[in-house]
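Participant: Next up is a structure, given as structure tokens.
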Amino acid sequence: MGIPYFPGCTLSTTATGYDRSGRAVAAALGMPLDEIEGWQCCGATFPLTTDNSMAFVAPTRILTQAEHAGDTMTTLCTVCYHVLKRSQAALDRDPEMLERINWFTEQPYTGQVRVTHLLEMLRDELTWEGLREAVKRPLEGLHVAPYYGCLLLRPADEMQLDDPERPTILADCMKALGAEVIDFPYAVECCGSYLAVEKAEVPERLGKQIVESAKDSGADCIVTACPLCQFNLDHPQRDYHPPYVGDAAESLGLIRGVPVLYFTQLIAVALDLPRPDWGMDGLYVDPMPFFDEDAWGVVREDEEEEEAAL
Amino acid sequence: MIPRVMVIGGGIAGMQAALDVANSGYEVVLVERLPSIGGHMAQLSETFPTLDCAQCIMTPRTVEVGHHDNIQLMTYSEVESVEGEAGAFRVRLRREPTYVDWDVCTGCGLCQQKCPFKVESDFERGVGPRKAIYTLSPQAVPNKPVIDPDACKWLLSRAEREAQGKRPQCGACAKLCPTESIRFDDEPLYFEEEVGAIILATGYDLMSPARLPEYGGGTIPDVIDGLAFERLLASSGPTAGAVQRPSDGREPETIVFVQCAGSRDPERGAPYCSKICCMYTAKQAMLYKHRVHHGHAHVFYIDIRAGGKRYEEFIRRGIEEEGTLYHRGKVSKIYRDGDKVVVRGADTLSGEQVEIAADLVVLAMAVLPRADAPDIAGRLGIEIDENGFFVSRDDEFDPAVSTRPGVYLAGVATGPKDIPETVGQASGAAGKVLGLFRQWQAQRQLEGVL
Chain B
52 MGIPYFPGCT
62 LSTTATGYDR
72 SGRAVAAALG
82 MPLDEIEGWQ
92 CCGATFPLTT
102 DNSMAFVAPT
112 RILTQAEHAG
122 DTMTTLCTVC
132 YHVLKRSQAA
142 LDRDPEMLER
152 INWFTEQPYT
162 GQVRVTHLLE
172 MLRDELTWEG
182 LREAVKRPLE
192 GLHVAPYYGC
202 LLLRPADEMQ
212 LDDPERPTIL
222 ADCMKALGAE
232 VIDFPYAVEC
242 CGSYLAVEKA
252 EVPERLGKQI
262 VESAKDSGAD
272 CIVTACPLCQ
282 FNLDHPQRDY
292 HPPYVGDAAE
302 SLGLIRGVPV
312 LYFTQLIAVA
322 LDLPRPDWGM
332 DGLYVDPMPF
342 FDEDAWGVVR
352 EDEEEEEAAL
Chain P
2 MIPRVMVIGG
12 GIAGMQAALD
22 VANSGYEVVL
32 VERLPSIGGH
42 MAQLSETFPT
52 LDCAQCIMTP
62 RTVEVGHHDN
72 IQLMTYSEVE
82 SVEGEAGAFR
92 VRLRREPTYV
102 DWDVCTGCGL
112 CQQKCPFKVE
122 SDFERGVGPR
132 KAIYTLSPQA
142 VPNKPVIDPD
152 ACKWLLSRAE
162 REAQGKRPQC
172 GACAKLCPTE
182 SIRFDDEPLY
192 FEEEVGAIIL
202 ATGYDLMSPA
212 RLPEYGGGTI
222 PDVIDGLAFE
232 RLLASSGPTA
242 GAVQRPSDGR
252 EPETIVFVQC
262 AGSRDPERGA
272 PYCSKICCMY
282 TAKQAMLYKH
292 RVHHGHAHVF
302 YIDIRAGGKR
312 YEEFIRRGIE
322 EEGTLYHRGK
332 VSKIYRDGDK
342 VVVRGADTLS
352 GEQVEIAADL
362 VVLAMAVLPR
372 ADAPDIAGRL
382 GIEIDENGFF
392 VSRDDEFDPA
402 VSTRPGVYLA
412 GVATGPKDIP
422 ETVGQASGAA
432 GKVLGLFRQW
442 QAQRQLEGVL
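Going down the list, the protein sequences come from chains B and P.
Position in the first sequence counted from 1, then plus 51, gives you my numbering.
Position in the second sequence counted from 1, then plus 1, gives you my numbering.
Below, the structure written as structure tokens:
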């Protein structure tokens with residue numbers, strides 16, 4: 052039996068590549084994901100009106116389902132992870148509300164399930180050493196900038212995943228894959244989040260700032276664990292050009308884009324998994340130039356030289 | 002009843018208390034952990050609001066303490082245990098090995114000149130080095146050096162070399178010392194002192210910038226704390242008072258000062274106001290402008306707390322006459338960008354986000370009690386509060402009296418204070434002790450009559 056897995060709406064609709072690569076990677080690493088049956092939306096934002104129990108019904112229902120499926124559940128979507136983990140903390144703090152919700156849903160939730168992000172499962176269960184051993188094609192020479200955003204880490208006392216100011220979980224993951232990790236100052240800045248719906252110019256500006264900072268620090272690509280961050284960093288680059296355009300194009304005034312990938316996509320590449328559609332060609336900035344299409348492995352510099360010699 | 006007092010801590014508070022008691026004719030044992038007295042005040046450049054040279058106004062005091070007939074100075078020493086009670090405490094002290102016979106040493110300084118091993122100096126707050134054999138400063142009292150066993154080649158190589166039947170390496174100080182005062186086989190010494198009362202003046206530490214990862218967490222060389230900047234401004238400091246940034250020695254053209262770095266921050270730092278930062282930041286910005294006339298000094302603040310005699314006027318002088326730029330708001334992030342340090346914060350008066358590319362950033366880090374304050378409190382049987390500061394018997398009416406009879410308190414060890422307030426409390430503690438001694442004397446006279 053696999054780990055009870057909550058995909059959430061975004062991974063079932065727009066970020067399907069994240070979902071598929073996540074499932075493939077988890078299975079290959081010996082921790083297959085079992086989709087929780089009959090799940091519904093988590094609510095997509097953590098309810099800040101804490102006197103409104105109604106807003107906690109959806110996340111509580113998911114936690115109850117997870118509880119029936121196993122003692123540890125996992126998610127890939129950072130937003131779902133954030134909502135579920137914080138809701139759990141809120142229910143812990145407020146037994147009265149829990150009682151009210153349990154009365155309403157008629158499916159008692161007892162608070163036993165451990166809510167994790169797949170990153171956390173890799174770090175704590177598989178361990179980075181275990182991941183390193185599973186790597187078949189190390190991402191040597193690829194400069195990856197880990198971008199965390201906010202929802203994965205904050206508020207730190209409730210999320211308890213990593214240091215909110217100087218996190219390392221994504222960087223450690225990338226190091227295990229053999230990539231070169233780029234440290235850049237905007238790694239924990241907000242991407243603008245849901246303002247993408249209401250005031251698109253805000254994430255547009257913030258996204259560009261984050262991308263520029265990563266690019267200036269020498270990143271070939273950015274890696275994230277959040278579909279919202281992925282969109283807010285990738286979409287502002289829609290008019291940019293893919294990395295293979297090169298210097299000549301930059302001299303024409305074209306801007307080089309920085310592909311924004313999910314950590315699961317990079318793990319899939321490093322594990323050399325067979326190639327289904329992981330959504331890597333659906334991005335605004337095409338990451339393909341970094342990868343040899345046939346083998347899904349990283350193009351090594353010596354190979355490039357060999358090709359050039361031919 | 003022993004009419005003799007032990008003062009623990011040789012900063013400005015401990016010195017003031019010791020001098021007040023000693024000048025009234027009673028004996029004082031002054032215990033200091035470091036090799037010489039002066040405390041944090043010895044690190045300061047100039048004091049607010051008068052811009053007096055700190056070293057100049059303090060040296061007469063350190064010298065007086067060093068030479069006073071009634072003061073027995075025990076530096077490089079710490080309290081091991083305290084037994085007994087008010088009137089008759091037995092205090093056991095441990096003196097670290099100095100590896101130098103201070104009775105023979107003349108303090109000529111040749112050993113410090115010739116020692117080939119440089120290490121980072123705590124006293125210089127990381128902006129200047131010291132040698133493996135060192136005094137804290139040229140004005141140190143006592144002006145006798147100690148050898149740092151973790152930096153001295155001779156002491157470090159001794160075990161290995163002697164096992165090979167060879168002499169330990171280096172030994173330059175021992176070869177060159179004109180009075181042959183180096184003692185590599187020095188051991189810790191233990192003393193027992195009997196006193197009737199104890200004044201505790203153990204001072205403070207600044208919070209480490211490592212606790213504020215959003216401000217670089219101590220990893221950016223050109224982000225320094227307030228005391229480090231004092232050393233850069235001090236004419237007795239490593240740069241002789243020239244403002245040079247640590248990374249490349251360049252004179253900074255833009256400095257950003259960040260107030261409340263850790264203070265008033267219950268989440269990540271200290272929940273209280275550190276009380277001295279508004280004033281010393283204004284002073285540091287001013288002194289920087291005096292040295293670098295074309296320089297820009299920016300200050301980020303939550304609000305300005307200048308409650309003290311001529312303090313508000315001093316702040317106004319900084320803003321109006323010296324051109325220090327004040328931004329009301331918190332700094333959210335500090336990061337390195339090439340050879341600049343970018344400071345991002347809010348200006349809540351204009352409602353704008355501000356980003357300043359600075360050459361140097363000075364963090365007014367929170368004032369913390371000494372890390373071993375709970376330990377000291379345990380040894381002395383007194384209480385500490387939730388932040389680790391020593392508790393007075395009554396904060397309003399007895400601020401200098403601890404919760405244990407015979408133990409008195411002075412200075413920042415009870416909570417953040419500036420120099421005048423520290424000195425006031427120290428004199429208060431001395432007054433309390435003198436009152437106690439007088440009371441015992443009267444009691445004895447009365448017993449004699451009866």
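In this text, a Cβ means the ideal position worked out from N, Cα and C, and glycines have one as well.
#1: Ser-351/P: buried (16+ other C-beta within 10 angstroms of its C-beta) or exposed?
#2: What is the DSSP secondary structure of Pro-197/B, counted as helix, strand or coil?
#3: Could you confirm whether any beta carbon from chain B is found closer than 8 Å to the beta carbon of Glu-215/P?
#4: Cα separation between Leu-217/P and Lys-334/P?
#5: Since Thr-111/B and Tyr-56/B are thought to touch, with beta carbons under 8 Å apart, how far apart are those beta carbons, to the nearest angstrom?
#6: Using only CA atoms, which one of Gln-446/P, Lys-418/P and Ala-401/P lies nearest to Ala-198/P?
#7: Assign Ala-141/P to one of two classes, buried (16 or more other C-beta atoms within 10 Å of its C-beta) or exposed (fewer than that).
#8: For Cys-54/P, which residues of its own chain have a beta-carbon under 7 Å away from its beta-carbon, when the five flanking residues on both sides are left out?
#9: At the 8 Å Cβ level, is Gly-218/P part of the contact set with chain B, yes or no?
#10: Tell me which residues share the same chain as Ser-237/P and place their Cβ nearer than 8 Å to its Cβ, disregarding the 5 neighbours each side in the sequence.
#11: Once DSSP output is grouped into helix, strand and coil, what is the label at Ile-200/P?
#12: For Tyr-336/P, decide whether its Cβ has a neighbour in chain B, counting only Cβ atoms nearer than 8 Å.
#13: If contacts are defined as beta-carbon pairs under 8 Å, then Gly-40/P and Gly-204/P qualify, I think. What distance do you get, rounded to the angstrom?
#14: Name the residue from Ala-140/B, Tyr-198/B and Gln-281/B whose alpha carbon lies nearest to the alpha carbon of Pro-215/B.
#15: Can you look up Phe-398/P in the DSSP assignment and give me helix, strand or coil?
#16: With a cut-off of 8 Å, do at least 3 Cβ pairs link the segment 384-398 of chain P to the segment 418-432 of chain P?
#17: Would Ala-189/B pass as an interface residue toward chain P - the criterion being a Cβ-Cβ separation below 8 Å?
#18: 8 Å is my cut-off, CB to CB: does Pro-293/B come that close to chain P?
#19: Do Ile-54/B and Thr-123/B count as a contact pair if the criterion is CB distance below 8 Å?
#20: Roughly how many angstroms separate the alpha carbons of Thr-64/B and Asp-267/B, rounded to a whole number?
#21: Quick one, which of Ala-251/B, Gly-192/B, Asp-70/B and Leu-62/B has its alpha-carbon nearest Val-327/B's?
#22: Give the range of the alpha helix (DSSP H) segment to which Thr-67/B is assigned.
#23: For Tyr-77/P, tell me which candidate among His-68/P, Ile-38/P and Arg-93/P has the shortest Cα-Cα distance.
#24: Between Glu-118/B and the rest of its own chain, which residues show a CB-CB distance below 7 Å, the 5 nearest in sequence each way excluded?
#25: If you draw a straight line from the alpha carbon of Thr-83/B to that of Leu-169/B, how long is it in whole angstroms?
#26: For the putative contact between Phe-124/P and Phe-315/P, defined by C-beta atoms under 8 Å, what is the C-beta separation to the nearest angstrom?
#27: Nearest by alpha-carbon distance to Val-76/B: which of Arg-205/B, Leu-228/B and Met-105/B is it?
#28: Which one or two residues does DSSP pair with Met-75/P in a beta bridge?
#29: Do Met-148/B and Phe-363/B count as a contact pair if the criterion is CB distance below 8 Å?
#30: Taking the runs of the alpha helix (DSSP H) that are 4 residues or longer, which of them lie wholly in the segment 161-248 of chain B?
#31: On a Cα-Cα basis, can you pick out the residue from Gly-129/P, Gly-127/P and Pro-146/P that is closest to Tyr-135/P?
#32: If I measure Cβ to Cβ from Lys-290/P and keep anything under 8 Å in the same chain, skipping five residues before and after, which residues do I get?
#33: How would you label Gln-440/P, buried or exposed, when you count the other beta carbons within 10 angstroms and need 16 or more for buried?
#34: Count the other CB atoms within 10 Å of the CB of His-68/P; is the residue buried (16 or more) or exposed (fewer)?
#35: Flag Arg-217/B as yes if its beta-carbon sits less than 8 Å from any beta-carbon of chain P, otherwise no.
#36: What whole-angstrom Cβ distance do Leu-334/B and Val-130/B have, given they're in contact under 8 Å?
Facilitator: To lay it out plainly:
#1: exposed
#2: strand
#3: yes
#4: Per the sequence shown, residue 217/P should be read as Gly rather than Leu. If I take the Cα positions, the gap works out to 8 Å.
#5: No, Thr-111/B and Tyr-56/B are not in contact; Cβ-Cβ is about 18 Å, not under 8 Å.
#6: Ala-401/P
#7: buried
#8: Glu-47
#9: yes
#10: Gln-56, Ser-138, Pro-139 and Gln-140
#11: strand
#12: yes
#13: 6 Å
#14: Tyr-198/B
#15: coil
#16: no
#17: For the sequence presented, residue 189/B should be read as Pro rather than Ala. Output row for Pro-189/B: interface = no.
#18: no
#19: yes
#20: 33 Å
#21: Reading the sequence as shown, one finds Pro at residue 327/B and not Val. The residue with the shortest Cα to Cα distance from Pro-327/B is Asp-70/B.
#22: 67-79
#23: Ile-38/P
#24: Tyr-160, Thr-161, Gln-163 and Val-164
#25: Here residue 83/B turns out to be Pro, not Thr, going by the sequence shown. Those two C-alpha atoms are separated by around 11 Å.
#26: Not a contact, Cβ separation roughly 27 Å.
#27: Leu-228/B
#28: Val-32/P
#29: Only positions 52 to 361 of chain B appear in this structure, which leaves residue 363/B out of reach.
#30: 169-172, 179-185, 207-210 and 220-227
#31: Pro-146/P
#32: Gly-296, Ala-298, Glu-323, Gly-324 and Thr-325
#33: exposed
#34: exposed
#35: yes
#36: 19 Å between Cβ atoms; not a contact.
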